[in-house]
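With our numbering, the residue at position 16 of the sequence shown is 23, and numbering never jumps.
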Amino acid sequence: GVVEQGPHAPDATDLQVLSLLLAGLTDASVAKQLDLGLRTVQRRVKRLMELTGVSTRLQLGWHAYERGWVAREPHDV
């Protein structure tokens with residue numbers, strides 16, 4: 008897939024957050040691993056959900072794969 012670019016495309020941090028969430032980490036674990044605040048992680052997830060027009064994190068994960076934002080194959084972080 009082609010990664011979308013533009014003002015509304017996810018940035019590198021968004022993609023890291025998504026990848027870790029899809030790997031099964033909690034918001035708190037993602038925040039700690041990326042040295043972000045918990046609210047920052049939650050705000051980024053909410054923005055990505057609004058960007059993709061979805062209402063659940065499961066749908067967000069599906070969209071992330073479809074749009075090429077995250078790799079389909081699990082990999083070591």
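Note that the Cβ used here is the ideal one computed from N, Cα and C, for glycine as well.
Residue range 19-29 is occupied by the alpha helix (DSSP H) that includes residue 25.
For residue 67 and residue 42, the gap between their C-alpha atoms comes out near 22 Å.
Excluding sequence positions up to five before and after residue 76, its CB lies within less than 7 Å of the CB of 10, 17, 22 and 25, all in the same chain and listed in chain order. The continuous stretches of alpha helix (DSSP H) do not include residue 74, and DSSP gives it neither H nor E.
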